[in-house]
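*Asks:* Encoded as structure tokens, here's the structure I'll be asking about.
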Ligand code: SF4
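Numbering (the working numbering), first residue to last: 1 to 100.
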């Protein structure tokens, strides 16, 4: 039953600039988040097979908020994305008016 799929519209991105490669996400959701051998930063390996819980567990474990979860184009995690030091690029508002 696809209409009961809790992952509908879910999209996970990992910002390589935020990732400090401390492997918290890979410990929280092994096999879903993995550290890329070449770049050293986390990548999502098995998004199709991952449960929503696993996706969120990894994202919650990340101390730098490198893992961003959106649903139907709206960010659902983290609720507040703290700006990176020296970077103004992530400052776009998604129009919800409650990002701070
Ligand atoms: S927990 Fe965050 S900082 Fe650590 S490896 Fe995963 S994405 Fe990178």
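Glycine included, every Cβ here is placed at the ideal spot set by N, Cα and C.
Because the structure is a prediction, the values reported are computed rather than measured.
#1: Taking DSSP as the reference, what is the three-state secondary structure of residue 26?
#2: Here's the rule: buried if 16 or more other CB atoms are within 10 angstroms of the residue's CB, otherwise exposed. What is residue 31?
#3: Beta-carbon separation of residue 14 and residue 42 under 8 Å?
#4: Is residue 12 near the ligand SF4 - that is, is its Cβ less than 7 Å away from at least one heavy atom of it?
#5: Flag residue 8 as yes if its beta-carbon sits less than 8 Å from any beta-carbon of chain B, otherwise no.
#6: Just to check, is the beta-carbon of residue 41 closer than 7 Å to a non-hydrogen atom of the ligand SF4?
*Replies:* Working from what's here:
#1: To locate residue 26, count along the chain shown from 1; it is residue 26. Three-state DSSP puts residue 26 in a helix.
#2: In the chain shown, the residue the question calls residue 31 occupies position 31. The residue in question, residue 31, is exposed, as its Cβ has fewer than 16 Cβ neighbours within 10 Å.
#3: Locating residue 14 in the chain shown gives position 14, where the first residue counts as 1. Locating residue 42 in the chain shown gives position 42, where the first residue counts as 1. Against a cut-off of 8 Å, the Cβ pair of residue 42 and residue 14 comes out as a contact.
#4: Here the question's residue 12 lines up with position 12 in the chain shown. Checking every heavy atom of the ligand SF4 against the Cβ of residue 12, none is found closer than 7 Å.
#5: Within the model displayed, chain B is absent; a lone protein chain is all it includes.
#6: Counted from its first residue, the chain shown places residue 41 at position 41. Flag set: Cβ of residue 41 near the ligand SF4.
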